[in-house]
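In our numbering, the protein residues as written are 8 to 364.
By construction, the Cβ of each residue, glycine as well, lies at the ideal position given by its N, Cα and C atoms.
Before any comments, here is the structure.
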Amino acid sequence: MTFEQFLILSLIHRFRGERSASAVYHLLKGKRTAQTIQDGFLYQVHVYFQTLKSLTRQEWQALMEDLSRSGRWILNDGNRCLLTEEGLQALEAARSRFELPTGLDGWFYGRAAEKIWSRLSLLVQTASHLIAKQPRFLPVVRDDATLRWIKGYLKAVGRDREALAAGLYNELVALCSRFPEREATLLSNRLSGSGMAGKTIDQMAVLLSRPETETLLWFQSGLHRTAKVLTAKQSASSFPLLSRLAKDIDAGLTASSAKTYELLKKGLGVEDIARLRRLKTATVQDHIVEIAFCDPEFSIRPFVNESAERLVKQVLKRTRTRRLSAIKQALPADIDYFHIRLVLARMNDRDDVGSDA
Numbered sequence: 008m009t010f011e012q013f014l015i016l017s018l019i020h021r022f023r024g025e026r027s028a029s030a031v032y033h034l035l036k037g038k039r040t041a042q043t044i045q046d047g048f049l050y051q052v053h054v055y056f057q058t059l060k061s062l063t064r065q066e067w068q069a070l071m072e073d074l075s076r077s078g079r080w081i082l083n084d085g086n087r088c089l090l091t092e093e094g095l096q097a098l099e100a101a102r103s104r105f106e107l108p109t110g111l112d113g114w115f116y117g118r119a120a121e122k123i124w125s126r127l128s129l130l131v132q133t134a135s136h137l138i139a140k141q142p143r144f145l146p147v148v149r150d151d152a153t154l155r156w157i158k159g160y161l162k163a164v165g166r167d168r169e170a171l172a173a174g175l176y177n178e179l180v181a182l183c184s185r186f187p188e189r190e191a192t193l194l195s196n197r198l199s200g201s202g203m204a205g206k207t208i209d210q211m212a213v214l215l216s217r218p219e220t221e222t223l224l225w226f227q228s229g230l231h232r233t234a235k236v237l238t239a240k241q242s243a244s245s246f247p248l249l250s251r252l253a254k255d256i257d258a259g260l261t262a263s264s265a266k267t268y269e270l271l272k273k274g275l276g277v278e279d280i281a282r283l284r285r286l287k288t289a290t291v292q293d294h295i296v297e298i299a300f301c302d303p304e305f306s307i308r309p310f311v312n313e314s315a316e317r318l319v320k321q322v323l324k325r326t327r328t329r330r331l332s333a334i335k336q337a338l339p340a341d342i343d344y345f346h347i348r349l350v351l352a353r354m355n356d357r358d359d360v361g362s363d364a
């Protein structure tokens, strides 16, 4: 079994035979649809969101054909996919060979991590060449916006080159000391400097004697931890130089849902927001469900009363499923899918619905 197969089997198992294989593909690719967002949180797999965004449809189909061959590991039942007994045994055996990193948090920090890494890698390279008195070099990042941002950063910081380099080094050491050794090794070895090119993922995979995709996920895990630390409100006190890399970066909600949230805070209702933004009511409801998943402080009470919430929870405990159609059939007609989704968003998944362990 390859690591890619191990990852796919792990996620199919987490979906409990209630979703299609395409749900796994869209999750790994980072498809920002209401269904993918909902599935990610309901089945507690949102941390893997957009972790394999370069995976092509052809590569995916080849992986699935291999896994499904002769029904050995996977059975497809219409729009649902589940593991066979042999598949479960293979998955358990593979856990001694492969390891999924614990720092992944693709939904909340994936996009932020990408931007922070672009800035960090270019900043370190720039500082290294400045202290080497080599102002001309080929930047590791060619994006114009990032190049402009680094120029603005250097002007705002206003330190001499030696002080800047020393400060960045000390903060990076302190940051990496918080992470597992493998993640710290990946982050530090991928950085470039004067006379030193950062290693690629495939080079690091050879160095660590691990599969390339597993190495990529460990690297992303380190980046997600980095983004989580640097976007925290108190990060400036511990990392005055590095925290600036995340100054204008938002994590979590999609841009459209964030706009809906701002209007909700102003007291507008669902229909008002739909009319103002020229959106379908169902789209605004999707935004509200996303907000409920992402913000633990968000109250669902304006949309779901206590009685309806109690009934939904009772059905969830009795049926132990996340299939919305099955839940809806067991509820009164006046409780709709929007209500169910909001209650699910507010529940403690493992305590109230059941664990996959």
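Buried versus exposed, by CB contacts within 10 Å (16 or more), residue i
i: Gln132; result: buried
i: Asp293; result: buried
i: Ser250; result: buried
i: Leu214; result: exposed
i: Arg26; result: buried
i: Ala340; result: exposed
i: Pro108; result: buried
i: Gly274; result: exposed
i: Asp343; result: exposed
i: Met211; result: buried
i: Arg353; result: buried
Beta-carbon proximity list for residue i, same chain, < 8 Å, skipping 5 on both sides
i: Leu62; result: Tyr32, Leu35 and Lys36
i: Ile123; result: Leu230, Thr233, Ala234, Leu237, Leu252, Ala253 and Ile256
i: Ser128; result: Val147, Val148, Arg197, Leu198, Ser199 and Gly205
i: Met71; result: Ile15, Ala28 and Ile81
i: Ala97; result: Met8, Leu16 and Trp80
Test item: CB-CB of residue i and residue j under 7 Å
i: Pro218; j: Phe10; result: yes
i: Leu193; j: Phe226; result: yes
i: Arg79; j: Gly24; result: no
i: Thr267; j: Val296; result: no
i: Gly113; j: Thr58; result: yes
i: Leu248; j: Leu175; result: yes
i: Ala315; j: Ile307; result: no
i: Thr153; j: Ser125; result: yes
i: Leu18; j: Val52; result: yes
i: Ser216; j: Glu190; result: no
i: Val311; j: His346; result: yes
Own chain, CB closer than 7 Å to residue i, minus 5 neighbours either side, in chain order
i: Tyr160; result: Leu130 and Arg251
i: Ile138; result: Arg168, Glu169 and Ala172
i: Lys38; result: none
i: Leu49; result: Arg329 and Leu351
Beta bridge counterpart(s) of residue i as assigned by DSSP
i: Asn83; result: Cys88
Contacting residues, own chain, Cβ-Cβ under 6 Å from residue i (five flanking each side not counted)
i: Gly259; result: Phe115 and Cys301
i: Thr220; result: Phe10 and Glu11
Where are the beta strand (DSSP E) runs, 3 residues long or more, that stay fully inside the region 260-317, in chain order?
none
Which runs of the beta strand (DSSP E) spanning at least 3 residues fall entirely within the region 142-168, listed in chain order?
Complete beta strand (DSSP E) runs here, min 3: none at all.
Which runs of the alpha helix (DSSP H) fall wholly inside the region 182-256 and span at least 4 residues, in chain order?
188-196, 208-215, 219-238 and 242-245
Which runs of the beta strand (DSSP E) at least 3 residues long sit entirely within the region 35-88? Give them in chain order.
81-84
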